[in-house]
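S.K.: Structure in structure tokens, see below.
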Amino acid sequence: MSLAVELPGLSLKNPIMPASGCFGFGREYSDFYDLSILGAVIMKAATMESRFGNPTPRVAETSAGMLNAIGLQNPGVKKIIATEVPFLASFSIPIIANIAGSTIEEYRQVAKAFQHTDQVAALELNISCPNVKEGGIQFGTDPFMAQKVTEAVKEATNLPVYVKLSPNVADIVGMAKAVEKAGADGLSMINTLTGMQIHLATRKPVIANKTGGLSGPAIKPIAIRMIYEVKQHVSIPIIGMGGIMHAEDVLEFLLAGASAVAVGTANFQNPYVCKEIIEQLPHTLMQYSFSSVKEAIGKGIV
Amino acid sequence: MQQLLKIKSKQTVALDTVEMVLENKAVSQIAVPGQFLHLHVDGHMLRRPISIADADPSVHTVTILFKILGEGTRKLSTYQIGDVIDVLGPNGNGFPLVNATKNSVLIVGGGIGVPPLYYLAKKLTESGVTITAVLGFQSKEHVFYEGEFEELGKTIVVTNDGSYGETGFVTNISKEALPSIDEYYSCGPLPMLQAVKERWNNIPGYLSLEERMGCGIGACFACVIPTDDHGGYKKICQDGPVFSAEEVQLK
Numbered sequence: 001m002s003l004a005v006e007l008p009g010l011s012l013k014n015p016i017m018p019a020s021g022c023f024g025f026g027r028e029y030s031d032f033y034d035l036s037i038l039g040a041v042i043m044k045a046a047t048m049e050s051r052f053g054n055p056t057p058r059v060a061e062t063s064a065g066m067l068n069a070i071g072l073q074n075p076g077v078k079k080i081i082a083t084e085v086p087f088l089a090s091f092s093i094p095i096i097a098n099i100a101g102s103t104i105e106e107y108r109q110v111a112k113a114f115q116h117t118d119q120v121a122a123l124e125l126n127i128s129c130p131n132v133k134e135g136g137i138q139f140g141t142d143p144f145m146a147q148k149v150t151e152a153v154k155e156a157t158n159l160p161v162y163v164k165l166s167p168n169v170a171d172i173v174g175m176a177k178a179v180e181k182a183g184a185d186g187l188s189m190i191n192t193l194t195g196m197q198i199h200l201a202t203r204k205p206v207i208a209n210k211t212g213g214l215s216g217p218a219i220k221p222i223a224i225r226m227i228y229e230v231k232q233h234v235s236i237p238i239i240g241m242g243g244i245m246h247a248e249d250v251l252e253f254l255l256a257g258a259s260a261v262a263v264g265t266a267n268f269q270n271p272y273v274c275k276e277i278i279e280q281l282p283h284t285l286m287q288y289s290f291s292s293v294k295e296a297i298g299k300g301i302v
Numbered sequence: 001m002q003q004l005l006k007i008k009s010k011q012t013v014a015l016d017t018v019e020m021v022l023e024n025k026a027v028s029q030i031a032v033p034g035q036f037l038h039l040h041v042d043g044h045m046l047r048r049p050i051s052i053a054d055a056d057p058s059v060h061t062v063t064i065l066f067k068i069l070g071e072g073t074r075k076l077s078t079y080q081i082g083d084v085i086d087v088l089g090p091n092g093n094g095f096p097l098v099n100a101t102k103n104s105v106l107i108v109g110g111g112i113g114v115p116p117l118y119y120l121a122k123k124l125t126e127s128g129v130t131i132t133a134v135l136g137f138q139s140k141e142h143v144f145y146e147g148e149f150e151e152l153g154k155t156i157v158v159t160n161d162g163s164y165g166e167t168g169f170v171t172n173i174s175k176e177a178l179p180s181i182d183e184y185y186s187c188g189p190l191p192m193l194q195a196v197k198e199r200w201n202n203i204p205g206y207l208s209l210e211e212r213m214g215c216g217i218g219a220c221f222a223c224v225i226p227t228d229d230h231g232g233y234k235k236i237c238q239d240g241p242v243f244s245a246e247e248v249q250l251k
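Protein chains in written order, with the numbering used here: chain A, 1 to 302; chain B, 1 to 251.
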């Protein structure tokens with residue numbers, strides 16, 4: 001049973017990686033298991049300067065999911081490169097750096113900063129954060145802006161660039177095609193869906209930011225549908241994400257057209273979830289008559 | 001660490017307030033006052049952080065109290081004796097236990113913030129510290145653990161509506177009603193903590209904070225609190241939930 005997958009810049013021994021923002025920089029989860037078993041790791045978003053993020057409450061539970069509006073809190077790209085990247089590099093797994101910004105220029109600068117380390121294998125371009133006032137989703141919901149920021153980042157880096165798409169759009173295929181045309185090496189999809197929850201007792205939104213990004217199993221069918229549609233119109237590979245809890249979910253994403261997957265919200269409920277999925281995946285593939293991960297990619301498209 | 005805790009006993013101690021005694025040797029041995037357990041509730045995406053109200057390593061138990069405030073705690077309240085709860089913890093850092101020279105401590109608790117202070121008060125009195133407890137509740141039917149605290153030291157109960165004990169807020173208690181105090185410890189709703197910090201601003205104090213949490217281990221940045229106006233912060237789950245009163249900005 002081969003779990004290995006080759007993607008631009010990434011030789012993955014298995015297709016499982018923790019999703020950006022749901023695993024910090026790995027330190028806390030390294031207390032639970034040896035991170036070297038992971039296929040790769042996607043770091044929490046980096047911006048040029050440190051960011052405090054949004055006021056609290058920043059999270060709320062929903063049916064089969066959660067809302068979050070953290071607001072890209074991070075210590076800034078220089079500190080991430082100095083302290084967090086070397087820590088993750090000690091596990092000898094490919095590191096993907098998620099990059100964010102308020103302007104195209106900031107995206108370019110953050111991408112450029114990651115040229116100063118040889119320990120990052122790829123960039124994930126975060127044009128889909130719904131929780132910051134400037135940047136993020138404004139680039140991810142307009143194909144022209146998405147194309148511009150992708151081009152700028154591609155110019156600034158030698159690393160492969162995976163563009164993380166927002167599901168908060170009418171035409172996901174149009175977005176995917178726009179960033180492919182701009183030089184994206186791969187796609188990450190999907191980011192969270194913008195949502196809201198109102199607290200009955202206080203008659204106010206639970207999340208201080210009012211809106212938050214919906215994640216978890218509640219959004220999995222949307223992710224599957226979008227990957228399924230996009231896969232048929234682009235030739236670059238897709239890292240799939242959105243509500244993965246079990247190895248069966250991974251197979252479903254592979255069938256829809258993802259070449260690898262990221263596990264997010266599930267880490268909060270079960271800190272061992274990535275490890276458990278990696279251990280279970282060979283059995284699940286075998287159960288459904290696949291002899292490798294590669295064999296399953298896109299096989300659900302009819 | 002992830003542990004399974006078996007429910008040994010369960011009782012309702014006040015309106016919508018449930019006490020559960022849970023069995024787990026390792027947790028009972030390492031739990032310190034102020035730490036919390038991050039409980040998985042069947043059918044719920046996020047865990048529930050619940051503070052530790054007592055621990056007894058001799059019989060391998062830890063006690064939690066929680067208030068039924070939503071679907072998660074309602075579901076948890078339906079768990080029966082013998083059921084097993086999947087828990088991360090004990091998480092966070094506890095209250096620093098005062099040294100022997102500080103011998104008069106004020107305990108100020110509000111509502112469901114009272115439970116962690118019970119375990120703390122027990123540990124403090126065991127080490128020879130004199131405690132005075134001021135416990136605030138909404139009204140008479142919400143009051144719990146008055147007798148438990150009275151066994152440890154002078155206890156004043158305050159209800160917002162005056163239906164039991166003193167009337168008003170915990171910070172209304174007059175100076176004359178309290179002994180001279182070296183340090184204070186407090187846990188309760190944010191407006192109460194703000195008032196407590198203001199009232200006793202001339203003596204060292206420790207506050208236990210609560211917030212909606214994601215991972216509960218420091219990875220997701222859901223439960224941060226500012227430490228200054230320049231972007232400084234602490235994570236409540238990992239760096240707290242107990243902080244010195246000067247260390248954090250209560251909004």
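We put the CB at the ideal spot given by N, CA and C, even for glycine.
(1) Output, in chain order, the set of chain A residues within a Cβ distance shorter than 8 Å of Gly231(B).
(2) Which same chain residues, not among the five before or five after Ser104(B), have their C-beta less than 7 Å away from its C-beta?
(3) Helix, strand or coil: which one does DSSP assign to Glu211(B)?
(4) Would you call the region 28-37 of chain B and the region 57-68 of chain B touching, i.e. three or more CB-CB distances under 8 Å?
(5) How would you list, in chain order, the residues of chain A whose beta-carbon sits under 8 Å from the beta-carbon of Leu46(B)?
(6) If you draw a straight line from the alpha carbon of Lys235(B) to that of Lys197(B), how long is it in whole angstroms?
(7) Looking at chain A, which residues of the region 211-232 of chain B have a Cβ within less than 8 Å of any of its Cβ atoms?
(8) Determine which residues share a DSSP beta bridge with Gln2(B) and list them.
(9) Is there contact here, the region 106-123 of chain B with the region 194-212 of chain B, by at least three beta-carbon pairs under 8 Å?
(10) Quick check: Asn98(A) and Ala182(A), are their CB atoms within less than 8 Å of each other?
(11) As an exercise, report each continuous alpha helix (DSSP H) stretch of at least 4 residues that is fully enclosed by the region 1-87 of chain B, in chain order.
(12) Using the three-state DSSP reduction, which class does Gly140(A) fall into: helix, strand or coil?
(13) Of all Cβ atoms in chain B, is any one closer than 8 Å to the Cβ of Cys129(A)?
(14) Expressed to the nearest angstrom, what Euclidean distance is found between the alpha-carbon atoms of Ser139(B) and Asn160(B)?
(15) Alpha carbon to alpha carbon, what distance is there between Glu146(B) and Ala133(B)?
(16) I need the straight-line Cα distance from Gln73(A) to Ala4(A), nearest angstrom please.
(17) Candidates Pro8(A), Leu7(A), Pro15(A) and Ser11(A): which alpha carbon is nearest Pro282(A)'s?
(18) Determine whether the beta carbon atoms of Gly9(A) and Leu88(A) lie at a separation below 8 Å.
(19) Are Thr78(B) and Val21(B) close, meaning C-beta to C-beta below 8 Å?
(20) Give the DSSP-derived three-state secondary structure of Val169(A) in the structure shown.
(21) Just list the residues that DSSP pairs Ser244(B) with in beta bridges.
(22) What in chain A is Cβ-close to Leu88(B), meaning under 8 Å?
(23) Under a three-way DSSP split, which group does Lys177(A) fall into?
(24) Mind listing, in chain order, the continuous alpha helix (DSSP H) runs of no fewer than 4 residues lying wholly within the region 67-143 of chain A?
(25) Any beta-carbon of chain B closer than 8 Å to the one on Tyr228(A)?
(26) Would Tyr119(B) pass as a contact of Ile52(B) if the rule is Cβ separation under 8 Å?
(27) Can you find the residues in the same chain that come closer than 7 Å, C-beta to C-beta, to Val41(B), ignoring five residues on each side of it along the sequence?
(28) If you draw a straight line from the C-alpha of Asn267(A) to the C-alpha of Asp16(B), how long is it?
(29) Using C-beta distances below 6 Å, list every residue in its chain close to Glu180(A), excluding the 5 sequence neighbours before and after it, in chain order.
(30) For chain A, check one thing: does any of its Cβ atoms lie closer than 8 Å to the Cβ of His40(B)?
(31) Only counting the same chain, and skipping five residues up and downstream in sequence, which positions put a Cβ closer than 6 Å to that of Gly34(B)?
(32) Could you list the residues in the region 19-52 of chain A with a C-beta less than 7 Å from some C-beta on chain B, going in chain order?
(33) Using the DSSP secondary-structure output, state which residues sit across from Tyr162(A) in a beta bridge.
(34) Please report the distance separating the alpha-carbon of Lys304(A) from that of Met196(A).
(35) Can you give the beta carbon distance from Lys67(B) to Ile112(B), rounded, assuming they're within the 8 Å contact cut?
(36) Would you check if the distance between the CB atom of Met17(A) and the CB atom of Ala262(A) is smaller than 8 Å?
M.R.: Reading off the structure:
(1) Within the second sequence, residue 231(B) is the residue found at index 231, counting from 1. Those within 8 Å of Gly231(B) in chain A are Ser50, Arg51 and Phe52.
(2) Position 104 of the second sequence, counted from the start, is the residue given in the question as residue 104(B). The answer, listed in chain order, is Thr130, Pro179, Ser180, Ile181 and Asp182.
(3) The residue given as residue 211(B) occupies position 211 in the second sequence. In the structure shown, Glu211(B) sits in coil (DSSP, three-state: anything other than H, G, I, E or B).
(4) yes
(5) Numbered from 1 along the second sequence, position 46 holds the residue referred to as residue 46(B). Chain A residues near Leu46(B): Val59, Glu61, Met66, Phe268 and Gln269.
(6) As a working note, residue 235(B) is residue 235 in the second sequence. As a working note, residue 197(B) is residue 197 in the second sequence. Computed Cα separation, rounded: 20 Å.
(7) Glu211, Arg212, Met213, Gly214, Cys215, Gly216, Ile217, Gly218, Ala219, Cys220, Phe221, Ala222, Cys223, Val224, Ile225, Pro226 and Gly231
(8) Taking the first residue of the second sequence as position 1, residue 2(B) is located at position 2. For Gln2(B), which the question treats as bridged, DSSP gives the partners Leu88(B).
(9) yes
(10) Position 98 of the first sequence holds residue 98(A). Position 182 of the first sequence holds residue 182(A). For Asn98(A) and Ala182(A), no; Cβs fall outside 8 Å.
(11) As far as the region 1-87 of chain B is concerned, its whole alpha helix (DSSP H) runs of at least 4 residues are 25-30 and 71-77.
(12) Taking the first residue of the first sequence as position 1, residue 140(A) is located at position 140. Note: Gly140(A) maps to helix in three-state DSSP.
(13) Stepping through the first sequence from its first residue, residue 129(A) is reached at position 129. Not one chain B Cβ lies under 8 Å of Cys129(A).
(14) Residue numbering aside, residue 139(B) sits at position 139 when the second sequence is read from its first letter. Residue numbering aside, residue 160(B) sits at position 160 when the second sequence is read from its first letter. Near 6 Å, if we compare the C-alpha coordinates of Asn160(B) and Ser139(B).
(15) Residue numbering aside, residue 133(B) sits at position 133 when the second sequence is read from its first letter. Residue numbering aside, residue 146(B) sits at position 146 when the second sequence is read from its first letter. Rounded to the nearest angstrom, the two C-alpha atoms are 9 Å apart.
(16) Taking the first sequence and counting its residues from 1, the one referred to as residue 73(A) is at position 73. Taking the first sequence and counting its residues from 1, the one referred to as residue 4(A) is at position 4. The alpha-carbon atoms of Gln73(A) and Ala4(A) are separated by roughly 33 Å.
(17) Stepping through the first sequence from its first residue, residue 282(A) is reached at position 282. Scanning Pro8(A), Leu7(A), Pro15(A) and Ser11(A) for the CA closest to the CA of Pro282(A) turns up Pro15(A).
(18) Counting from one through the first sequence, the residue named residue 9(A) turns up at place 9. Counting from one through the first sequence, the residue named residue 88(A) turns up at place 88. In this structure, Leu88(A) does not lie closer than 8 Å to Gly9(A) by Cβ.
(19) Taking the first residue of the second sequence as position 1, residue 78(B) is located at position 78. Taking the first residue of the second sequence as position 1, residue 21(B) is located at position 21. No, the pair does not count as a contact, with Cβ atoms beyond the cut-off.
(20) Stepping through the first sequence from its first residue, residue 169(A) is reached at position 169. Val169(A): coil per DSSP, three-state reduction.
(21) Position 244 of the second sequence, counted from the start, is the residue given in the question as residue 244(B). Under DSSP, Ser244(B) shares a beta bridge with Tyr206(B).
(22) The count along the second sequence starts at 1 and reaches residue 88(B) at position 88. Pro271, listed in chain order.
(23) Reading the first sequence from its first residue, position 177 is the one you call residue 177(A). Lys177(A): helix per DSSP, three-state reduction.
(24) 85-89, 104-113 and 137-140
(25) Taking the first residue of the first sequence as 1, we reach residue 228(A) at position 228. So no, Tyr228(A) is outside the interface.
(26) Numbered from 1 along the second sequence, position 119 holds the residue referred to as residue 119(B). Numbered from 1 along the second sequence, position 52 holds the residue referred to as residue 52(B). Yes, these two residues count as a Cβ contact at 8 Å.
(27) Along the second sequence, read from residue 1 onward, the residue named residue 41(B) stands at position 41. Hits under 7 Å: Arg48, Gly72, Lys75 and Leu76.
(28) Position 267 of the first sequence holds residue 267(A). Position 16 of the second sequence holds residue 16(B). One C-alpha to the other measures close to 31 Å.
(29) Your numbering for residue 180(A) matches position 180 in the first sequence. Result list for Glu180(A): Val234 and Ile236, in chain order.
(30) The sequence position of residue 40(B) within the second sequence is 40, counting from 1. Yes - at least one Cβ of chain A is within 8 Å of the one on His40(B).
(31) Position 34 of the second sequence, counted from the start, is the residue given in the question as residue 34(B). These residues qualify, in order along the chain: Gly94, Phe95, Pro116, Ser208 and Val242.
(32) Cys22, Phe23, Gly24, Glu28, Tyr29, Ser50 and Phe52
(33) Sequence index remark: in the first sequence, residue 162(A) carries index 162 (1-based). Answer is Glu124(A) and Gly186(A), bridged to Tyr162(A).
(34) Summary: the structure shown does not reach residue 304(A), with chain A confined to residues 1 through 302, and so no result is reported for it.
(35) Numbered from 1 along the second sequence, position 67 holds the residue referred to as residue 67(B). Numbered from 1 along the second sequence, position 112 holds the residue referred to as residue 112(B). Yes, they are in contact, since the Cβ atoms of Lys67(B) and Ile112(B) sit about 4 Å apart, within 8 Å.
(36) The residue you call residue 17(A) lines up with position 17 of the first sequence. The residue you call residue 262(A) lines up with position 262 of the first sequence. Result yes, Cβ atoms of Met17(A) and Ala262(A) sit closer than 8 Å.
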